[in-house]
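**Q**
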Amino acid sequence: MERLITFITAGFIAILTLPTHSIESEQFQKFSYEDIFDLEYAEDPQFSPNGDSIYYTRNSVDEVSDSRRANIWQITTDGKLHRQLTFGNFLNHSPRLSPNGNNLAFISTSSGSPQIHILELNNGQNHQISQLTMPPSNLQWSPDGMQIAFTTFVPESEKLPFQVPTPPKKAKWAPTPKFIDRNIYRIDSLGYLQKGYAQIFVVSLEGNKPHQLTSGKHNRIDSFAWSANGDSIYFSANIHLDQEIELLNSDIYRVEIKNQEVKQITERFGPDYFPQISPDGTKLAYLGFDDQRLGYHQDSLYIMELNSGGSYRIETVEDRSISSFKWLEDSNRIAYSYDDYGSTKIVIQKLGGEKSLITSDAGGSSLAFPGRPFYRVNFAVSKNADIAYLQANAQRPAELAFIHNGKIRTLTDLNGELIRRREMAKVKEINFKSRFDNRNIQGWIAYPPNFNRMKKYPLLLQIHGGPFYNYGPRFAAEVQLYAAAGYVVLYTNPRGSTSYGHEFANLIHHNYPGQDYDDLISGVDAVIAQEYIDEDQLFATGGSGGGTLTAWLIGKTNRFRAAVAAKPIINWESFVLTSDFSSYFTKYWFSAPPWEQPEEYRRRSPLTYVGNITTPTMLLTGEEDYRTPISETEQFYQALKLNKVDTAMVRLPNASHDIARKPSQLITKVASILYWFEHHKPDPNSPELANN
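Numbered per this note's numbering, the sequence shown spans residues -11 to 680.
1. Since residue 561 contacts residue 582 with CB under 8 Å, what's their CB separation in whole angstroms?
2. Which class does residue 604 belong to by DSSP, given the choice of helix, strand or coil?
3. Tell me the rounded alpha-carbon separation between residue 217 and residue 332.
4. In or out: residue 161 buried (at least 16 other Cβ within 10 Å) or exposed?
5. CB-CB under 6 Å to residue 373, same chain, minus the five flanking residues each way: which ones, in chain order?
6. For residue 345, which residues from the same chain have a beta carbon less than 7 Å from its beta carbon, with the 5 sequence-adjacent residues on both sides left out?
7. Between which two residues does the alpha helix (DSSP H) containing residue 564 stretch?
8. Can you tell which of 667, 656, 642 has the C-alpha that lies nearest to the C-alpha of residue 178?
9. From residue 667 to residue 520, what does the alpha carbon distance come to, in whole angstroms?
10. So, are the CB atoms of residue 451 and residue 537 less than 8 Å apart?
11. Should residue 303 go down as buried or exposed, given a rule of 16 or more other Cβ atoms within 10 Å for buried?
12. In terms of residues, what are the limits of the alpha helix (DSSP H) holding residue 572?
13. Would you mind stating whether residue 63 and residue 48 have Cβ atoms separated by less than 8 Å?
14. Please tell me whether residue 539 and residue 624 are closer than 8 Å, where the distance is taken between their beta carbons.
15. Taking the alpha carbon of residue 592 as the reference point, which residue from 610, 530, 496, 529 has its own alpha carbon closest?
16. Less than 8 Å between the beta carbons of residue 195 and residue 115, yes or no?
17. Mind pulling the beta strand (DSSP E) runs of 3 or more residues that sit fully within the segment 27 to 108?
18. Between the Cα of residue 81 and the Cα atoms of 460, 43, 431, which residue gives the shortest distance?
19. Going by the beta-carbon positions, is the gap between residue 396 and residue 389 smaller than 8 Å?
20. Could you tell me the distance, in whole angstroms, from the CA atom of residue 633 to the CA atom of residue 670?
21. Could you give the first and the last residue of the continuous beta strand (DSSP E) run that contains residue 666?
22. Do residue 190 and residue 118 have their C-beta atoms closer together than 8 Å?
23. Is the distance from the Cβ of residue 454 to the Cβ of residue 351 below 8 Å?
24. Taking just the CA atoms, how far does residue 364 sit from residue 16?
25. CB residue 140 to CB residue 120, shorter than 8 Å?
26. Mind the definition here: the segment 495 to 514 touches the segment 437 to 444 only if three or more C-beta pairs lie below 8 Å; say whether that holds.
27. In its own chain, which residues sit with a C-beta less than 8 Å from the C-beta of residue 568, not counting the 5 before and 5 after it?
28. Residue 90 to residue 516, Cα distance in whole Å?
29. Under three-state DSSP, which class holds residue 357?
30. Does the Cβ of residue 638 have 16 or more other Cβ atoms within 10 Å, making it buried, or fewer, making it exposed?
31. Determine the burial state of residue 54: buried for a count of at least 16 other Cβ atoms within 10 Å of its Cβ, exposed for fewer.
32. Measure the Cβ-Cβ separation of residue 265 and residue 222 and say whether it is below 8 Å.
33. Go ahead and pull the three-state DSSP assignment for residue 242.
34. Quick one: Cα of residue 329 to Cα of residue 147, how far?
35. If you follow the alpha helix (DSSP H) that residue 533 is in, where does it begin and where does it stop?
36. Do you know offhand how far residue 510's Cα is from residue 477's?
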C-alpha cells in the first residue's frame, strides 16, 4: 500500500510516496507516518473525592475525519480497574467530579456542538444540561455540588456604524463589509474576532437556563475559583480601559453570586491570575509577576490572607518560573510544577517552610497532538496528598502515573502494543559550551534505529520556537520520524530558552536572534566531534522562532546542505504590524515601534542578510497563520528567488500557526521537510564522492 501526499512547491508538483509496511513484515519496524494515527495520550487527571480513583481524558486520532477524538476513562490507583466511561468519535473531555463523587461533569461534542454533560456514576446515565450557542470551558463545581460554573463567549451586535441602502429583491450586491475599530481584531487559530467577551455563568445540576455572573468589557477571563462557602467566585481578568494595549495587566476580582457585585482583590502593573482558594477558605493563592517590560518574566506564587487582604510572595524553588499549582488538603502546603534544565518537576512545599521534590519526569503532550518535545504539565492532588500526573518519556506519548509515599507507579500503557513493535529512536542528553561566551548549553540527540557509531550519518538540527520555551526529553513524533528516516537529530535549548533561570532567558531581551546562532553552531560542532556525522550532510529546520533562527542561521553560514524555515519571522518591521498581538511585540520584544527605531528592526531581521544566503531553502507556513503571517514567508521566498537561491514554498490551506494541528498536517510537514533534505543530499554517484 502507498499513500500519496501532493504539495505545491515553486512552480512544480512534487509527489511524495510514503511507504507502509504490513504487519507480517519484520517484527521491529521503524516508526512511520501511519503510526501517527495509532498514537494515544493521557490528559487532565482528576482524583475522586476519596482518592482511590483517577478520571482522565484519553486522546486518540480518527483517521477518517483527520481529527482528535477524546473519551473519559477511570482507573483505580492500584491499577486493577481501568474502564471507559464515555464513547464515540467525539471530543468528551474536561472531567470534573462533584464534591460527593456521584456525578461527573464534562464537555462533549456528541450533540454536534460542545455542551456540558453530567454522567451519573452510580447508574451510567448521561444527561446534557446545556444548550449553549458558544463553547463552554473551565467547568467547576460549587462546594455544595448543586451548581457548575463555566465560561463562555457572549457576542455583541456587529451592526455597521453607517447606513447603506437596502438591496432590491433578487439583487446580488457585494457582501457587507466588516467594520473593525479594535486593536486586536484577529487571533491565530481563532481567525477574525466576533465582537463580544467571555463571561462567567452558573448552571444548576438540573440544567436550568444558565445564569450570567459577569458582564462588561475585558480582554479575557483567564481562570476562576469558587469561594469555600460558595457565595462568590474569584476570577482573573483585564478590565482596564487600556486592556488592548497593556495585554498582560490582569487582576483578580470577586463576584457575588446573589447580586453580581464585583470587587477588585489585587492591584499592580502586571498579571495576577489562576486564583485558587485554600480548602479551609482562608487563603487565596495565585500566580503573577511585576511587569518590567522584559521579553521573559518568571511567574511567582503569591498568597493572600482573605481576612486581612494582605498578600505575600512564597519563596519557591530558586530562579525558576512556577507553571501550575494545587492546594493540599491541610491548607498549609502547596504542590507546584516548574521547568528545570529541560525537565518538568513537581514539588510539595509548606507555606514558608521546606519543600520536597516529588518527581522530575512530569510532562504531557505539547499541543493538540504530540509533535515536538515541548513542555506541558497536568497533575492533580488527592486529599491524601497523593499525586496523579502525566509522565514524560522520549520514546512514547504521555502516560498517567501515580505517586504515593514517594513511590511512582505508571498506571497506563496506552501505546505499549505499538511501541513494543517499533524500533524507536533512542534519545541522549548532550551538554556543550557556546563559542560566544562559553556558557553551558543543553541539548538532546535522537539516534536512528540500529545506530552504528562506526558509520557516517546526516545531521538534522531541529530548532525550537517561542522563543521563550524549552525542549526536553519528551516524546516528539517529528523527531522520531526524522530519526526513522536515517538522520541523527539534534535539538537544543539555546539562550532565551526557559528552565535555566531569569538571566539566561533574557539574554535575548531586545537582542533576538542575536547569539543563538553561536549556541546552535556550537551544538552542531559538538555532535560532529563525536565522529559519526557526515559533515557534507548538515540540515536545519525549525518552526516559528525556530523558523526565524533557521533563516538567521543560513544568513550567517553556508555549512548547511539545505534548510526548511517553517512559519518564520523574516522582517521584524512588517511582522509587528501584521501579527495578532502587535501591542505586545512592540512593547516587550522591542523598546519602541519600528518608525522610531528602524535600524534596530532591520539589524535583527533575517531579511537584512538575504544577500549572504546560498543554502537551498524551503518555506512552510499555514495560509491562515495570524501569529507569523504568511506574508513573512512570501517576502523571504521572493527575496531568495530574486537572489537566484534554490527555493520552494509549501502553503498549507486552512492551517493556522499550529500547522500540525491535524494528524495529516503533521505528516505533510514532516514529509515536506524530508523531501527537501533528501532532494539536496549529495549525489552518491558524483565523481567527488567516488574519489573519497
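All residues carry an ideal CB built from backbone N, CA and C; glycine is no exception.
**A** Based on what the coordinates show:
1. Contact holds; Cβ gap of about 4 Å.
2. In the three-state scheme derived from DSSP, where H, G and I count as helix and E and B as strand, residue 604 is classed as coil.
3. Going from the Cα of residue 217 to the Cα of residue 332 covers about 34 Å.
4. Residue 161 comes out exposed.
5. Correct list, in chain order: 316.
6. These residues qualify, in order along the chain: 333, 335.
7. That run of the alpha helix (DSSP H) goes 560 to 566.
8. The shortest Cα separation from residue 178 among 667, 656, 642 belongs to 642.
9. Looking at the two C-alpha atoms, the distance is approximately 22 Å.
10. Yes, they are a contact pair.
11. Residue 303 is classed as exposed because its beta carbon has fewer than 16 other beta carbons within 10 Å across all chains shown.
12. Counting along the chain, the alpha helix (DSSP H) containing residue 572 begins and ends at 570 to 576.
13. Cβ atoms of residue 63 and residue 48: not closer than 8 Å.
14. For residue 539 and residue 624, yes; Cβs fall inside 8 Å.
15. It is 496 whose Cα lies nearest to the Cα of residue 592.
16. A contact, by the Cβ cut-off of 8 Å.
17. Runs of the beta strand (DSSP E) lying entirely within the segment 27 to 108 and spanning at least 3 residues, in chain order: 29 to 35, 41 to 50, 55 to 64, 70 to 72, 80 to 85, 91 to 96, 103 to 108.
18. Measuring from the Cα of residue 81, the nearest candidate turns out to be 43.
19. In this structure, residue 396 lies near residue 389, with their beta-carbon atoms less than 8 Å apart.
20. For the pair residue 633 and residue 670, the Cα-to-Cα distance works out to about 17 Å.
21. Element bounds for residue 666: not the beta strand (DSSP E) but the alpha helix (DSSP H), 651 to 667.
22. Their beta carbons are not under 8 Å apart, which means residue 190 does not touch residue 118 by this criterion.
23. With contacts defined by Cβ atoms closer than 8 Å, residue 454 and residue 351 do not form a contacting pair.
24. The straight-line gap from Cα to Cα measures roughly 30 Å.
25. Contact flag set, yes.
26. Not touching, per the Cβ criterion.
27. Answer for residue 568: 172, 174, 175, 176, 614, 615, listed in chain order.
28. Rounded to whole angstroms, residue 90 to residue 516 spans 59 Å at the Cα level.
29. The predicted model places residue 357 with a pLDDT of 46, which falls under 50 and marks its position as unreliable, so this point remains unresolved.
30. With 16 or more Cβ atoms within 10 Å of its Cβ, residue 638 is classed as buried.
31. With a 10 Å radius around the Cβ and a threshold of 16 neighbouring Cβ atoms, residue 54 comes out exposed.
32. In this structure, residue 222 lies closer than 8 Å to residue 265 by Cβ.
33. Looking at residue 242 - three-state DSSP - the assignment turns out to be strand.
34. Taking the straight line from one Cα to the other gives about 52 Å.
35. Bounds of the alpha helix (DSSP H) holding residue 533 are 533 to 542.
36. Their Cα atoms are separated by approximately 15 Å.
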